[in-house]
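All remarks here apply to the structure that follows.
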Amino acid sequence: MVKAKNMSEEEILSISKKMFYGGFAFLPWLWLVNWIYFNPVLKQRPGLSKKIHFYVKWSFVGASIWIVVLAIWIIVFQTNRTKWGHKIDFLYVTIPRG
Amino acid sequence: MSQNTSGLNTKEYKELRQNSQEELDNMEDNKIYIDNNKDNHTTHRNYRPIKNQDSNSEVTSNNNNNNNNNNNDNNNNNDNNNNNSRNDIASSSTSVPEDPKLKKELDEYIEKQKEILSSPVKEFTKEEYGEYLNEYERLLKLHTEKKITPEQKEELNEHYQTLAKFQYQHISPEQKKEYLEKQRRHYKERKIREAENKKKEMYDNLRYYSKEISSIIRPVILCICLSILWVKLTNKVDTQQIRSQDLNLISSNNNDNTTNNQENDSESFDIWKLLNSFANAGIIIGNIIIATFVILCLFKYNHTKILYGLFIFTVFMLIGIFGYNLLYVLIDTYNIPMDWFTLTIFMLNLSVVGVIVIFWKGPPRIQQGYLVLMSSLMAFSLTGFADYTTWFLLALLACWDLIAVLCPFGPLKMLVEHSDSNNQMIPQALIYSTMVWMMAQDVRIKIKDNNENNENNENMLKNGLTHNPSTLFDECEASSSCSTKELIDSKQKKLNEKNNENYNIKINDDEDSDISNSSDQINEISSEKGDNLERKSLTNSRRSSRRSHRNDHDNNNNRETQDSNSDDEDEEGLKLGLGDFVFYSVLIARAAMHDWLTTFSCAIAVLTGLTLTIFY
Numbered sequence: 001m002v003k004a005k006n007m008s009e010e011e012i013l014s015i016s017k018k019m020f021y022g023g024f025a026f027l028p029w030l031w032l033v034n035w036i037y038f039n040p041v042l043k044q045r046p047g048l049s050k051k052i053h054f055y056v057k058w059s060f061v062g063a064s065i066w067i068v069v070l071a072i073w074i075i076v077f078q079t080n081r082t083k084w085g086h087k088i089d090f091l092y093v094t095i096p097r098g
Numbered sequence: 001m002s003q004n005t006s007g008l009n010t011k012e013y014k015e016l017r018q019n020s021q022e023e024l025d026n027m028e029d030n031k032i033y034i035d036n037n038k039d040n041h042t043t044h045r046n047y048r049p050i051k052n053q054d055s056n057s058e059v060t061s062n063n064n065n066n067n068n069n070n071n072n073d074n075n076n077n078n079d080n081n082n083n084n085s086r087n088d089i090a091s092s093s094t095s096v097p098e099d100p101k102l103k104k105e106l107d108e109y110i111e112k113q114k115e116i117l118s119s120p121v122k123e124f125t126k127e128e129y130g131e132y133l134n135e136y137e138r139l140l141k142l143h144t145e146k147k148i149t150p151e152q153k154e155e156l157n158e159h160y161q162t163l164a165k166f167q168y169q170h171i172s173p174e175q176k177k178e179y180l181e182k183q184r185r186h187y188k189e190r191k192i193r194e195a196e197n198k199k200k201e202m203y204d205n206l207r208y209y210s211k212e213i214s215s216i217i218r219p220v221i222l223c224i225c226l227s228i229l230w231v232k233l234t235n236k237v238d239t240q241q242i243r244s245q246d247l248n249l250i251s252s253n254n255n256d257n258t259t260n261n262q263e264n265d266s267e268s269f270d271i272w273k274l275l276n277s278f279a280n281a282g283i284i285i286g287n288i289i290i291a292t293f294v295i296l297c298l299f300k301y302n303h304t305k306i307l308y309g310l311f312i313f314t315v316f317m318l319i320g321i322f323g324y325n326l327l328y329v330l331i332d333t334y335n336i337p338m339d340w341f342t343l344t345i346f347m348l349n350l351s352v353v354g355v356i357v358i359f360w361k362g363p364p365r366i367q368q369g370y371l372v373l374m375s376s377l378m379a380f381s382l383t384g385f386a387d388y389t390t391w392f393l394l395a396l397l398a399c400w401d402l403i404a405v406l407c408p409f410g411p412l413k414m415l416v417e418h419s420d421s422n423n424q425m426i427p428q429a430l431i432y433s434t435m436v437w438m439m440a441q442d443v444r445i446k447i448k449d450n451n452e453n454n455e456n457n458e459n460m461l462k463n464g465l466t467h468n469p470s471t472l473f474d475e476c477e478a479s480s481s482c483s484t485k486e487l488i489d490s491k492q493k494k495l496n497e498k499n500n501e502n503y504n505i506k507i508n509d510d511e512d513s514d515i516s517n518s519s520d521q522i523n524e525i526s527s528e529k530g531d532n533l534e535r536k537s538l539t540n541s542r543r544s545s546r547r548s549h550r551n552d553h554d555n556n557n558n559r560e561t562q563d564s565n566s567d568d569e570d571e572e573g574l575k576l577g578l579g580d581f582v583f584y585s586v587l588i589a590r591a592a593m594h595d596w597l598t599t600f601s602c603a604i605a606v607l608t609g610l611t612l613t614i615f616y
């Protein structure tokens, strides 16, 4: 695995681009990986192109949106599941005992 | 020109040579001192003979002389002047009682020198002498510019020796005595410096090794801890309420061929149980053997695409299915009200990104994390079998490992040979994946560039070769070590070419270390302290790392596996096959099914064993 800071600019661009578009397939973790991968490099090497900044930044934004949405959903689900009763049984992985 | 004139440089030298005869005569007197003072000679700084540091006993006379003028320390080279003055101080206070051993050595050395110097040498006429000197100077210049070839180096040494002899035989007895005295002092200083260096080197080695080992052991410990965690998490509930239902679930889900290996704990020991588990283990091993041959065939007939597809599929399934199983068991046993939506998203992300990171690109940390996770999942799934199955499986795995690697028709050996002979790359993923059932430690180079610690003038570049009793690379060890040497050599060459001002490189090969399985190559880079050292060395290191990169790609055709990996892990020198992870983790996870005491004692035993295998 080549370290990100040794990569050429084109390589970084292509990878971050692919990761960015790949993330749209319900893969927020890929976006986050993209950000983790290239954010330090962007800080170390200021002269990189705007496109990379764009991809990395929006990957992070996308990932955070996903995380927030998921968190909201989980909270809503956990707090309201007793209220909703048996109507949402199909959502459970395993129906909790008790 | 008095005899005390020290530190003549080449320029003055040249002037001298071109001048009239008396000056030549004068110079003849001085010449020895000049050469003798090559220690302080700035131009000589970069002359580093590629040979063993402690060349005291069995060196030829040639080398002796050679050493004498260029055994300048790699780390002291930027304070030559200080060194010089220190030498003077040291020489004025030689009355300090010497270590008897050192004294004896010194005397011996001087005797030897005397012998060498007074051995007959052909007489020179003036013109011949001038010519000879000219030649010598040319070589010296070449050497200073680092364009010298080994033959020329030899020649240089010879020239130097002849000149020294010639001059020695043409000076007065007092001068001779003084000269010898000076020689002795230099030799002594050199010895002391050598000793210091050795000590320093040893400490560096130690530090390096401990770092290496900790970098290996950390992931192993992590993997083991994860496996223990999985087992404990699922096991706890197992003892509380469900009574081995989880284990049933895992086994029957994971492996179709182990349907009848679940026995109740309450059932008494019987031979059928043993046979049964043996059969189960045999079936699994059979699968592994078939898989090995399939991989071999695919590799041999160049279906790398299919191979990659297979591996990607395998990894995906491993993370996806085993991870899902584990999660499902956890959700089930801990009564977590989880919804399908979250679970699906979570598993999709985990497995798809895992495949991407492992097979394509990704941050090294995350990649390592995935590998550890994968191994721990694998280990966990293996512990799901009945008691004896696991043990039989482990034993059979070890046997198969030995057969596959050491037999002439062992598939893995064939595979490695094939890749060597055809200049074909073993895909990295294959190495990882094959190592799932292989106890093997791979050889990797650690190349650390200068920017890590700028304060230190020298850094160790080293390649630790470790060896495991039942490793894959027993027979490739030689080749790998030679390839690493190639690599380092070529790296050195490039460095020399490009920034010969900033880097001094020394390769210290002690190949003939008696423990043949751990041949270290020490590459010391010492950088000159400049005004803008910080920035310069940073850029240099970046450049050089890139260069090594390119270099690797050049070399790729010969030694793909070693080379392509060598620059990958800047952080990690040695690489442990995933097989080790799984193997150790299975052992410990198995133990973790009982109680904590067993778990910890097993863990300690395994880690001790691991450390020992790394050391020896």
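First to last, the protein sequences are chains A and B.
For the first sequence, the UniProt record's numbering assigns the number 98 to the last residue and increments by one with no breaks.
For the second sequence, the UniProt record's numbering assigns the number 616 to the last residue and increments by one with no breaks.
Glycine included, C-beta positions come from ideal geometry on N, C-alpha and C.
Task: Simplified DSSP assignment, three categories, for residue 420 of chain B - done: As a first step, residue 420 of chain B is located in the second sequence; it is residue number 420 there, counting from the start. Helix at residue 420 of chain B.
Task: Given 8 Å, three or more beta-carbon pairs between the region 169-185 of chain B and the region 125-138 of chain B - done: Contact between the region 169-185 of chain B and the region 125-138 of chain B is absent, because fewer than three Cβ pairs lie under 8 Å.
- [ ] Have a look at residue 201 of chain B and residue 606 of chain B and give me their C-alpha separation to the nearest angstrom.
- [x] Start at 1 with the first residue of the second sequence, and residue 201 of chain B comes out as number 201. Start at 1 with the first residue of the second sequence, and residue 606 of chain B comes out as number 606. Spanning the alpha carbons of residue 201 of chain B and residue 606 of chain B requires a straight line of approximately 31 Å.
TODO: Could you tell me how far apart the beta carbons of residue 51 of chain A and residue 13 of chain A are, in whole angstroms, since I believe they sit closer than 8 Å?
DONE: Taking the first residue of the first sequence as 1, we reach residue 51 of chain A at position 51. Taking the first residue of the first sequence as 1, we reach residue 13 of chain A at position 13. Distance from residue 51 of chain A to residue 13 of chain A at the Cβ level is roughly 6 Å; contact confirmed, criterion being Cβ atoms closer than 8 Å.
Open item on the list: Quick test of the definition: if touching needs 3 or more C-beta pairs under 8 Å, does the region 277-292 of chain B touch the region 350-364 of chain B?
Closed with: In short, these stretches do not touch, since the Cβ pair count stays below three.
Task: Residue burial classification, residue 95 of chain A (beta-carbon count within 10 angstroms, cutoff 16) - done: Taking the first residue of the first sequence as position 1, residue 95 of chain A is located at position 95. Exposed, because fewer than 16 other Cβ atoms sit within 10 Å of the Cβ of residue 95 of chain A.
- [ ] Measure the CB-CB distance between residue 8 of chain A and residue 56 of chain A and report whether it falls below 7 Å.
- [x] For the purposes of this step, residue 8 of chain A is taken as the residue at position 8 of the first sequence. For the purposes of this step, residue 56 of chain A is taken as the residue at position 56 of the first sequence. Pairing residue 8 of chain A with residue 56 of chain A gives a Cβ-Cβ distance that is not under 7 Å.
TODO: Determine the contact status of residue 415 of chain B and residue 278 of chain B, defining contact as a CB-CB distance below 7 Å.
DONE: If you number the second sequence from 1, residue 415 of chain B lands on position 415. If you number the second sequence from 1, residue 278 of chain B lands on position 278. No, the pair does not count as a contact, with Cβ atoms beyond the cut-off.
TODO: Within its chain, find whatever has a CB closer than 8 Å to the CB of residue 114 of chain B; leave out the 5 residues flanking it on each side and keep chain order.
DONE: To locate residue 114 of chain B, count along the second sequence from 1; it is residue 114. Cβ-Cβ distances below 8 Å link residue 114 of chain B to 180 in the same chain, with the five nearest sequence neighbours on each side left out; the list follows chain order.
Task: Cβ distance (whole Å) where residue 33 of chain A is taken to contact residue 357 of chain B below 8 Å - done: Taking the first residue of the first sequence as position 1, residue 33 of chain A is located at position 33. Taking the first residue of the second sequence as position 1, residue 357 of chain B is located at position 357. Confirmed, about 7 Å.
Open item on the list: Is the separation between the beta-carbon of residue 589 of chain B and that of residue 227 of chain B shorter than 7 Å?
Closed with: Working through the second sequence from its first residue, we reach residue 589 of chain B at position 589. Working through the second sequence from its first residue, we reach residue 227 of chain B at position 227. A contact, by the Cβ cut-off of 7 Å.
TODO: Just the C-alpha distance for residue 47 of chain A and residue 38 of chain A, rounded to the nearest angstrom, thanks.
DONE: As a working mapping, residue 47 of chain A is identified with position 47 in the first sequence. As a working mapping, residue 38 of chain A is identified with position 38 in the first sequence. Here the alpha carbons of residue 38 of chain A and residue 47 of chain A stand approximately 13 Å from one another.
Task: Pairwise C-alpha distance: residue 102 of chain B and residue 195 of chain B - done: Against the second sequence, residue 195 of chain B aligns to sequence position 195. Against the second sequence, residue 102 of chain B aligns to sequence position 102. Straight-line Cα distance between these residues: approximately 11 Å.
- [ ] Look at the alpha carbon of residue 27 of chain A and the alpha carbon of residue 273 of chain B, and state the distance between them as a whole number of angstroms.
- [x] Mapped onto the first sequence, residue 27 of chain A falls at position 27. Mapped onto the second sequence, residue 273 of chain B falls at position 273. Here the alpha carbon of residue 27 of chain A sits roughly 46 Å from the alpha carbon of residue 273 of chain B.
- [ ] Run the CB neighbour count on residue 395 of chain B, radius 10 Å, all protein chains shown included, and call it buried at 16 or more, exposed below.
- [x] Residue mapping note: residue 395 of chain B aligns to position 395 of the second sequence, counting from 1. The residue is exposed, with fewer than 16 neighbouring Cβ atoms inside 10 Å.
Task: Reference residue 68 of chain A; option with closest CA among B:342, B:297, B:132 - done: Indexing the first sequence from 1 puts residue 68 of chain A at position 68. Taking only the C-alpha atoms, the option nearest residue 68 of chain A is B:342.
Task: residue 204 of chain B to residue 338 of chain B span [Cα, whole Å] - done: Locating residue 204 of chain B in the second sequence gives position 204, counting from the first residue. Locating residue 338 of chain B in the second sequence gives position 338, counting from the first residue. C-alpha of residue 204 of chain B to C-alpha of residue 338 of chain B: approximately 53 Å in a straight line.
Task: Counted within 10 angstroms of its Cβ, other Cβ atoms place residue 44 of chain A as buried (16 or more) or exposed - done: The residue labelled residue 44 of chain A in the question sits at position 44 within the first sequence. Residue 44 of chain A is classed as exposed because its beta carbon has fewer than 16 other beta carbons within 10 Å across all chains shown.
Open item on the list: Between residue 319 of chain B and residue 275 of chain B, how many whole angstroms is the CB-CB distance? I'm expecting something under 8 Å.
Closed with: Within the second sequence, the letter at position 319 stands for residue 319 of chain B. Within the second sequence, the letter at position 275 stands for residue 275 of chain B. Taking 8 Å as the upper bound for CB-CB distance, residue 319 of chain B and residue 275 of chain B are not in contact here, some 34 Å apart.
Open item on the list: Taking the alpha helix (DSSP H) that residue 302 of chain B belongs to, which residues open and close that run?
Closed with: Locating residue 302 of chain B in the second sequence gives position 302, where the first residue counts as 1. Element bounds for residue 302 of chain B: n/a, residue is neither H nor E.
Task: DSSP three-state assignment for residue 84 of chain A, whether helix, strand or coil - done: Residue 84 of chain A sits at position 84 when you count from the first residue of the first sequence. Correct three-state label for residue 84 of chain A: helix.
Task: Reduced DSSP category for residue 99 of chain B - H, G, I as helix; E, B as strand; rest coil - done: The residue labelled residue 99 of chain B in the question sits at position 99 within the second sequence. Coil.
TODO: Determine, using beta carbons only, whether residue 381 of chain B and residue 316 of chain B come nearer to each other than 7 Å.
DONE: For the purposes of this step, residue 381 of chain B is identified with residue 381 of the second sequence, where counting begins at 1. For the purposes of this step, residue 316 of chain B is identified with residue 316 of the second sequence, where counting begins at 1. Result no, Cβ atoms of residue 381 of chain B and residue 316 of chain B do not sit closer than 7 Å.
- [ ] Quick one: which residues of the region 313-335 of chain B get their C-beta closer than 8 Å to a C-beta of chain A? List them in chain order.
- [x] If the cut-off is 8 Å between Cβ atoms, the region 313-335 of chain B has 328, 331, 332, 335 near chain A.
Open item on the list: Strictly under 7 Å for the Cβ-Cβ distance: is residue 91 of chain A near chain B by that measure?
Closed with: For the purposes of this step, residue 91 of chain A is taken as the residue at position 91 of the first sequence. Proximity of residue 91 of chain A to chain B, defined by a Cβ-Cβ separation below 7 Å, is satisfied.
TODO: Could you work out which residue in B:120, B:197, B:585 is closest to residue 164 of chain B when comparing CA atoms only?
DONE: Reading the second sequence from its first residue, position 164 is the one you call residue 164 of chain B. Comparing Cα-Cα distances from residue 164 of chain B to each of B:120, B:197, B:585, the minimum goes to B:120.
Task: Bridge-paired residues (DSSP) for residue 204 of chain B - done: Start at 1 with the first residue of the second sequence, and residue 204 of chain B comes out as number 204. Residue pairing from DSSP leaves residue 204 of chain B without any beta-bridge partner.
TODO: Indicate whether at least one CB of chain A lies closer than 7 Å to the CB of residue 362 of chain B.
DONE: On the second sequence, position 362 is the one that residue 362 of chain B refers to. For residue 362 of chain B, the answer is yes, since a Cβ of chain A falls inside 7 Å of its Cβ.
Task: Chain-order list of residues whose beta-carbon lies under 7 Å from that of residue 81 of chain A (same chain, five-residue window excluded) - done: Counting from one through the first sequence, the residue named residue 81 of chain A turns up at place 81. Excluding sequence neighbours, residue 81 of chain A sits near 88.
- [ ] Could you confirm whether any beta carbon from chain B is found closer than 7 Å to the beta carbon of residue 96 of chain A?
- [x] Start at 1 with the first residue of the first sequence, and residue 96 of chain A comes out as number 96. Yes, contact with chain B.
Task: Near-chain B residues of the region 7-31 of chain A (beta-carbon distance less than 7 Å), N- to C-terminal order - done: For chain B, the residues of the region 7-31 of chain A that bring a beta carbon within less than 7 Å of one of its beta carbons are 15, 26, 27, 28, 29, 30, in chain order.
Task: CB contact below 7 Å: residue 36 of chain A versus chain B - done: Locating residue 36 of chain A in the first sequence gives position 36, where the first residue counts as 1. Yes, its Cβ sits closer than 7 Å to a Cβ of chain B.
TODO: Taking residue 343 of chain B as the query, report the chain A residues whose CB atoms sit under 9 Å from its CB, ordered along the chain.
DONE: Counting from 1 along the second sequence, the entry for residue 343 of chain B is found at position 343. By Cβ distance, chain A contributes 93.
TODO: State yes or no: is the beta carbon of residue 102 of chain A nearer than 7 Å to at least one beta carbon in chain B?
DONE: Given that chain A is displayed from residue 1 to residue 98, the structure contains no residue 102 of chain A and the question cannot be resolved.
TODO: State the DSSP-derived secondary structure class of residue 107 of chain B, mapped to helix, strand or coil.
DONE: Counting from one through the second sequence, the residue named residue 107 of chain B turns up at place 107. Residue 107 of chain B falls in the helix class under three-state DSSP.
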